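Enquirer:
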Amino acid sequence: MNKRIHQAIENTHAGLKPNEFLADKIIAEHHHRQDEKRKGGYWLSLPQKAKNIVVFALVLMLFTVTAFALMRPMRAMDDGGVWTYEEDKLMFQRSGAKRPQVVLENDSIVAMAADVDMPGTLYYVTWSEEGQRLLSTTSYGLPMTPGRDLDISFNITDMVAAGGSVYAVVNNKQIRNSIYRISVYPDQAEFDAALHIEGWTNKRVSNLSLHGDVLFAYRETGELAAINLRTRQLYCSPVKVKGLLEIVAGFEKDGDQYAFVINEEGRLMILNARTGEMFYSGQRIDKNTESMSRDETNLYTYDFDGKQTGCYNILQLSGKKVDHLLTIVDGPHLEEPSMAIAIEMFNKKYPNVEVVRRDILDNRVLATEMMADEGGVDVFAMQGMYGMTPAPGLLANGAIIDLTDMPEMQALRDDYRDIWGLMSTHGRQYGVLWETGVDLFQVNPKLAEAVGWEIPTGVWTWEDFDALADKVYAYNQTAEKPIYLAGENVLTNMRWQYEATHTDYYLGTADFQTAEYLALLERIQDLSVRGLIYIKDPHDLSFDMPDNTLLWAEEHALGKLGNDTYVLPPVYDIENPLFLVDSWCLMANANSRYPEEAAYFLACYASVEATSNQFYLNCGQWLKDKSLYGEQHDMRTPPSAQNEYLYNFVLEHGVPQLRDLELMRLQITEGLLEMLMNGDITPQEYADTMQQKADMLIGG
Amino acid sequence: MKKITACVLVVLLLTFALPMLMLFAASFFQGDLISFLKGETVFLQASWQRYTIMFDNEELLIQLMNSIKIALSTLILQLPLSVLGGLFLARSSIKGVGLIRVLLLLLLLLPFQSIMVPVFKMSRWLNLYDTQLAVILMQAFSPLGPLIAWLLIRAIPGEHWEAALLDCKSQLTIFCRAIMPQLLPGLAVLTLLCFAEAWNLVELPLILLPDTELRPASLMLNDIRSGSNQYAEAVLYALPILLLYGITGITLKKEDISIV
Amino acid sequence: MKKQKLLLIGALPLLGFAACYLVPLGMTVYYALVNSAFDDRFAGLDNFSYVMSNQYFQMGMQNLSLLGGGMILAALLASLVIAPLLYRHPKLTGLGMAVLLLPLLIPSVSAVSLWSAVFDTRSMLASASSQAALITLYLWKYAGVGAVLLYTALQKIPQAITDAAALDGAGAVRTYFAIRLPMAGEQLAGVMIFLTMFMFRCYKESYLLFGDYPSSKVYMLQHYMNHQYVKMNFQYVAACAVLLVLFALILYGAAFLIMKRRRLA
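Residue numbers (my numbering), protein chains in the order written: chain E, 3 to 702; chain R, 3 to 262; chain A, 3 to 267.
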């Protein structure tokens with residue numbers, strides 16, 4: 003027994019009973035433990051049945067744990083990160099993150115594929131107890147399109163995905179391991195079909211891999227084909243290469259497509275899809291490697307348990323000679339169709355420059371890197387609203403390259419619609435468009451009829467809007483069920499439209515002291531007081547227009563308009579209508595180590611070849627000639643002719659939505675707008691506060 | 003009279019203590035205790051939930067570990083460097099020492115934005131970008147440490163040095179045996195201040211650590227103005243410093259604090 | 003070890019300091035003299051004249067001087083009140099010093115979470131609320147340190163002197179202002195330096211309370227610098243930094259001369 007106990011024994015506690023001595027307690031417990039040890043503890047005293055149950059439970063646990071350990075996790079990868087399905091949990095690890103996060107718990111996922119064109123998007127097939135197969139979509143864990151039923155007989159052994167289409171190796175009684183193109187949209191099921199490529203037999207496909215536009219399909223016969231999914235043609239005649247265990251799409255070099263393969267000997271080889279020639283990559287891999295996957299930069303190998311065994315830089319493996327990198331920050335992903343074309347065009351002039359992409363999500367970090375001139379930011383993207391000086395301000399400060407006088411940009415003027423204002427200021431072009439979004443006002447035609455309002459087909463003004471408000475107000479006085487004139491988002495559009503047209507970041511001026519602005523504020527106050535504005539419940543996450551509202555403003559992709567009724571937002575000046583366009587631009591850093599290359603890359607991105615690969619149903623038709631866009635492979639409902647006209651009209655009469663985050667914060671987070679709507683402040687006070695803030699932000 | 007002054011002192015001390023107590027109390031309520039005390043109608047319920055939710059936030063816990071790592075590493079480097087620097091400032095008789103002291107003081111006054119771009123450039127030149135070492139080194143060489151150490155050493159009368167010199171020729175031995183014991187209480191205060199500085203870093207890791215997995219928790223907690231009432235996070239974030247202060251306080255007598 | 007060797011070792015950390023801070027400061031001075039971070043043509047004093055004529059720089063300097071000066075004086079006053087009270091009640095001193103020093107150590111984010119709930123810190127209100135928030139936060143965080151520093155200075159004053167004053171009929175207040183404070187003059191200067199240093203550093207609290215663009219009443223020079231930073235006008239940030247250093251040098255120089263004259267007197 004230790005010293006403490008001895009000490010305790012030596013201590014005398016006059017007046018206390020023996021069993022209160024601390025020492026006695028410690029000694030008693032110590033003796034008890036010794037007795038237990040001698041007896042053999044509790045186990046031997048248990049009845050035999052109980053011991054059998056315990057042993058059985060332990061063995062069962064061991065079995066279950068082993069089964070889970072042996073079950074191979076499913077894995078899919080895209081440029082946004084890695085998806086893993088393990089132990090009924092779907093996990094996503096973003097690029098750059100050190101550990102995955104559980105995004106979904108589902109015990110019946112049987113196949114999955116990440117969309118290589120849409121980072122963060124995953125398609126997965128689940129199998130219900132009734133035998134149904136459901137194809138669902140998730141974006142970073144959030145459900146996207148409602149799941150669609152697949153043919154119940156489809157047994158999917160492998161699948162890849164690109165641009166909203168899934169390419170799955172399907173097996174059933176009639177189909178023997180053929181690649182099927184399956185739409186993810188429920189209303190497009192009739193477009194499901196076997197992939198037909200001239201010169202290639204779509205049967206007995208054992209292995210599939212997709213990167214960018216290149217689909218590698220390896221058949222059981224040993225035939226390997228490299229298919230251009232964009233053109234639906236083979237890159238070259240299929241080649242015979244036997245004994246490949248695993249294949250992953252590789253890279254393009256000198257016009258040939260290459261794949262990374264693992265041969266029968268378990269070595270990592272590089273295979274030329276045109277000649278069938280295989281050569282050793284020079285990279286030793288783990289002998290237990292069973293599978294591979296890749297993202298934009300790296301090739302990953304995994305063992306049978308799905309544990310990563312290696313990570314190898316694709317550029318190094320490819321042996322491509324690279325002089326330096328051209329870095330794109332926060333812009334479109336390199337996999338997006340127009341980026342792929344732009345990179346191809348760029349590399350024709352600069353073959354030894356590798357285009358890479360990275361994220362910088364903090365404006366101070368971006369500002370520091372740009373000013374420091376240490377490389378790492380050649381081309382970057384910026385929306386107008388992220389709390390940083392908008393692009394015209396950067397142009398005025400000399401932080402970005404002026405593209406106006408570039409011959410390549412001048413040459414595009416005839417091919418583009420007149421949307422140069424969305425990437426220019428005071429006649430100087432500061433960037434090239436990457437994405438645009440347009441606010442149109444959706445109209446409830448039944449309510450319009452009830453109110454007696456003739457829906458305008460063209461430009462209308464805020465005065466017309468005021469007249470409409472009076473109509474609705476009059477209607478509400480006698481109507482059984484009063485209606486709302488507009489959603490709150492219409493007021494937002496109203497304010498942002500004014501801000502966009504009355505702030506000049508290039509000159510550093512803003513004007514919130516006009517009669518127009520006061521009228522706008524009075525309008526907001528008046529509409530609010532008269533109860534004509536529908537205010538959405540903050541917990542309501544739907545984007546749908548409520549049934550009792552006449553006008554609803556949302557930023558829409560062209561492909562979402564369909565046949566619904568839309569009107570242009572009202573304007574201040576009918577002779578010179580200006581609309582709000584949320585425009586994202588790619589720009590070149592003036593401090594780039596390679597300014598000519600950066601500017602040239604932008605020219606490539608804006609070229610007709612690249613732009614015609616944009617999904618114009620997303621951003622609108624930027625090129626004059628619609629036929630240049632080619633087959634869209636977009637399953638969404640095309641918009642009506644009128645809606646398409648309105649959308650493109652806004653684009654051509656648009657001003658970039660360069661709102662400052664601080665002005666937004668002042669009005670929304672700090673409650674300036676709420677105070678106005680409640681009548682706590684007058685419009686003049688509101689305008690004065692906005693002017694003060696804008697002067698500090700823009701003019702300071 | 004003494005009673006009146008005692009009451010005044012107690013009231014003043016309570017005023018200083020009140021915010022800390024309120025912060026601590028508010029962290030144990032669902033709903034905003036402060037708004038409730040202001041008279042607003044707010045749902046209020048005592049609950050551990052703010053803490054349990056926070057401990058489920060793996061990212062926050064990782065960043066807290068980063069904060070501890072950075073702060074402790076900085077401290078280990080900064081203390082000896084500060085003492086040596088303070089020694090030089092206090093005992094050197096070369097011309098220009100006064101100028102160095104002025105420079106140290108001026109640099110303490112400048113906001114970090116003034117040197118943010120040059121610091122970024124230097125970190126890239128030295129290949130220290132995106133490493134915690136860059137942050138640790140920058141903070142370890144902060145002017146605050148040598149200045150405070152200078153004040154501490156300056157307060158020791160020159161006679162102590164001279165008396166020790168009679169018994170020992172080695173300056174190092176004199177410093178370690180005769181001077182350091184007198185500095186210890188002040189060094190405890192210096193430790194606290196240096197740890198607090200390193201714990202509170204925001205701009206330096208923002209610029210030098212693009213990898214969010216390496217960043218300290220001060221960056222995540224910096225976005226307080228979102229109105230999310232992060233009382234529990236605020237209390238948790240203050241705990242290590244309070245702990246360190248408690249340890250220092252226990253080992254320090256009140257008359258030991260003498261840095262002027 | 004000889005004194006020179008010891009001092010040589012002591013110089014090493016200062017070399018590190020020079021590398022980490024003086025070199026960047028030198029680079030900042032360079033940026034102040036060129037057109038911009040994107041155009042390295044020599045600009046002379048253009049950046050300085052632009053900055054000095056900018057109304058927001060002037061607003062920042064004004065607030066820094068007036069508001070900042072007011073905060074320092076308020077903290078000094080608070081220290082002058084609290085320190086003698088601590089001295090007079092030794093039983094409360096231990097607890098008192100703990101309570102007074104803790105706010106300095108509490109992280110800014112922790113303190114601000116409370117302050118933003120208590121005070122209305124909306125930037126659109128150019129009212130007393132914003133100033134009150136900043137001043138009370140500064141006083142809470144730093145006045146205690148001043149009081150503790152002053153208290154330790156008062157402790158060093160020999161009891162015999164104050165006893166002699168009492169014998170001559172001086173009351174506690176008279177003794178404090180006529181004898182103790184003048185004797186603690188140098189330490190008082192140290193307190194002022196600390197409070198000034200903390201005043202410059204309370205930009206972080208201001209930023210957390212009010213954001214990038216506060217109301218005009220609490221818009222400090224550092225806000226202007228931050229604003230120019232995100233606009234990528236580092237040349238103006240650098241010019242501001244140089245002007246701030248010159249301003250601080252002038253203040254320091256003036257204080258040094260006053261102290262020197264006092265000593266000679």
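Cβ atoms here follow ideal geometry from the backbone N, Cα and C, with glycine treated the same way. None of the values given here were measured: they were computed from a predicted structure.
With a CB to CB cut of under 7 Å and the five nearest residues on each side skipped, what residues in its chain are close to leucine 25 of chain R?
Expert: Correct list, in chain order: Tyr233, Ala236, Val237.
Enquirer: Less than 7 Å between CB atoms is the rule here; does methionine 387 of chain E satisfy it with respect to chain R?
Expert: For methionine 387 of chain E, the predicted model reports a pLDDT of 48, less than 50, meaning its position is unreliable and no value from the coordinates is stated.
Enquirer: From the DSSP output, which residues share a beta bridge with methionine 589 of chain E?
Expert: E:Phe382
Enquirer: When DSSP labels each residue in this structure, what does leucine 72 of chain E get in the three-state scheme?
Expert: Confidence at leucine 72 of chain E is low in this model, with a pLDDT of 48, below 50, so its placement is unreliable and no value can be given for it.
Enquirer: If you reduce the DSSP assignment to three classes, tell me which class tyrosine 187 of chain E lands in.
Expert: DSSP places tyrosine 187 of chain E in coil when its eight states are reduced to three.
Enquirer: For glycine 229 of chain R, which residues from the same chain have a beta carbon less than 8 Å from its beta carbon, with the 5 sequence-adjacent residues on both sides left out?
Expert: Residue confidence is low: glycine 229 of chain R scores 47 on pLDDT, short of 50, so the model does not pin down where it sits. Its coordinate-derived value is still stated next. There are no such residues.
Enquirer: Look at the alpha carbon of proline 20 of chain E and the alpha carbon of lysine 5 of chain R, and state the distance between them as a whole number of angstroms.
Expert: Only weak support is given to the placement of proline 20 of chain E: the predicted model assigns it a pLDDT of 49, under 50, and the value that follows is read from those uncertain coordinates. Near 51 Å, if we compare the C-alpha coordinates of lysine 5 of chain R and proline 20 of chain E.
Enquirer: Beta-carbon within less than 6 Å of alanine 149 of chain A's beta-carbon, same chain only, minus the 5 sequence neighbours each way: which residues are those?
Expert: Ser81, Ile84, Ala85, Leu102
Enquirer: What does the alpha-carbon distance come out to for the pair arginine 497 of chain E and aspartate 506 of chain E?
Expert: 16 Å
Enquirer: Can you tell me which of the three DSSP states serine 320 of chain E falls into?
Expert: helix
Enquirer: Reducing DSSP to helix, strand and coil, say where histidine 655 of chain E ends up.
Expert: coil
Enquirer: Under 8 Å, with one C-beta from each stretch per pair, do the region 295-302 of chain E and the region 248-267 of chain E reach the 3-pair mark?
Expert: yes
Enquirer: Which residue comes first and which comes last in the alpha helix (DSSP H) that contains phenylalanine 218 of chain E?
Expert: Where phenylalanine 218 of chain E is concerned, there is no enclosing alpha helix (DSSP H), although the beta strand (DSSP E) it sits in stretches over 216-221.
Enquirer: Would asparagine 228 of chain A be called buried (16 or more neighbouring beta carbons within 10 Å of its own) or exposed?
Expert: Buried: at least 16 other Cβ atoms inside 10 Å.
Enquirer: Enumerate in chain order the residues of its own chain whose CB-to-CB distance from glutamate 654 of chain E is below 7 Å, with the five nearest sequence positions on each side excluded.
Expert: Arg419, Asp420, Ile421
Enquirer: Roughly how many whole angstroms lie between the Cα atoms of histidine 428 of chain E and glutamine 310 of chain E?
Expert: Going from the Cα of histidine 428 of chain E to the Cα of glutamine 310 of chain E covers about 54 Å.
Enquirer: Name the DSSP bridge partner or partners of glycine 439 of chain E?
Expert: E:Asp584
Enquirer: So what does DSSP say about isoleucine 226 of chain R, is it helix, strand or coil?
Expert: Low confidence applies to isoleucine 226 of chain R: its pLDDT is 48, below 50, so where it sits in the model is not reliable, and the reading given next is rough at best. Correct three-state label for isoleucine 226 of chain R: helix.
Enquirer: Can you pull the chain A neighbours of asparagine 365 of chain E, defined as C-beta to C-beta under 8 Å?
Expert: Those within 8 Å of asparagine 365 of chain E in chain A are Val232.
Enquirer: Could you give the distance in angstroms between the alpha-carbon of leucine 79 of chain A and the alpha-carbon of leucine 106 of chain A?
Expert: Our two residues, leucine 79 of chain A and leucine 106 of chain A, have alpha carbons roughly 18 Å apart in a direct line.
Enquirer: For a test of the three-state rule: what should DSSP assign to glycine 83 of chain E, helix, strand or coil?
Expert: Correct three-state label for glycine 83 of chain E: strand.
Enquirer: Against threonine 391 of chain E, what residues of chain A qualify as contacts under a CB-to-CB distance less than 8 Å, listed in chain order?
Expert: Val232, Lys233, Met234
Enquirer: Where do the N-terminal and C-terminal ends of the alpha helix (DSSP H) with aspartate 468 of chain E fall, by residue?
Expert: 464-480
Enquirer: Is any beta-carbon of chain E found at less than 7 Å from that of lysine 123 of chain R?
Expert: Taking CB atoms only, lysine 123 of chain R has a neighbour in chain E less than 7 Å away.
Enquirer: How many Å lie between leucine 185 of chain R and tryptophan 152 of chain R at the Cα?
Expert: So the two alpha carbons sit approximately 11 Å from each other.
Enquirer: Does the separation of the CB atoms of leucine 487 of chain E and leucine 414 of chain E fall below 7 Å?
Expert: Cβ distance not < 7 Å, so leucine 487 of chain E and leucine 414 of chain E don't count as in contact.
Enquirer: Note down, one range per segment and in chain order, each alpha helix (DSSP H) of at least 4 residues found wholly within the region 601-634 of chain E.
Expert: With a minimum length of 4 residues, the continuous alpha helix (DSSP H) runs that stay inside the region 601-634 of chain E are 610-613, 618-621.
Enquirer: Three-state secondary structure (DSSP) at isoleucine 700 of chain E?
Expert: helix
Enquirer: Would you report the Cα separation of tyrosine 142 of chain E and valine 118 of chain E, rounded to the nearest angstrom?
Expert: 14 Å
Enquirer: Using the beta-carbon of each residue, which ones in chain E are nearer than 8 Å to tyrosine 215 of chain A?
Expert: Glu664, Lys695, Met698, Leu699
Enquirer: Would you list the one or two residues that DSSP bridges to tyrosine 568 of chain E?
Expert: E:Gln444
Enquirer: For asparagine 129 of chain R, is the classification buried or exposed, using 16 other Cβ atoms within 10 angstroms of its Cβ as the cut-off for buried?
Expert: So asparagine 129 of chain R counts as exposed.
Enquirer: Need the endpoints of the alpha helix (DSSP H) that glutamate 338 of chain E sits in, please.
Expert: Taken as a continuous stretch (DSSP letters only), glutamate 338 of chain E belongs to no alpha helix (DSSP H), as it is neither H nor E.
Enquirer: Along the region 83-96 of chain A, what residues have a CB closer than 8 Å to any CB found in chain R?
Expert: Val83, Ile84, Leu87, Leu88, Arg90, His91, Leu94, Thr95, Gly96
Enquirer: Give the secondary structure of alanine 92 of chain R by DSSP, where H, G and I count as helix, E and B as strand, and everything else as coil.
Expert: helix
Enquirer: Relative to the alpha-carbon of arginine 178 of chain E, which residue among E:Phe467, E:Ser208, E:Val186 has its alpha-carbon at the smallest distance?
Expert: E:Ser208
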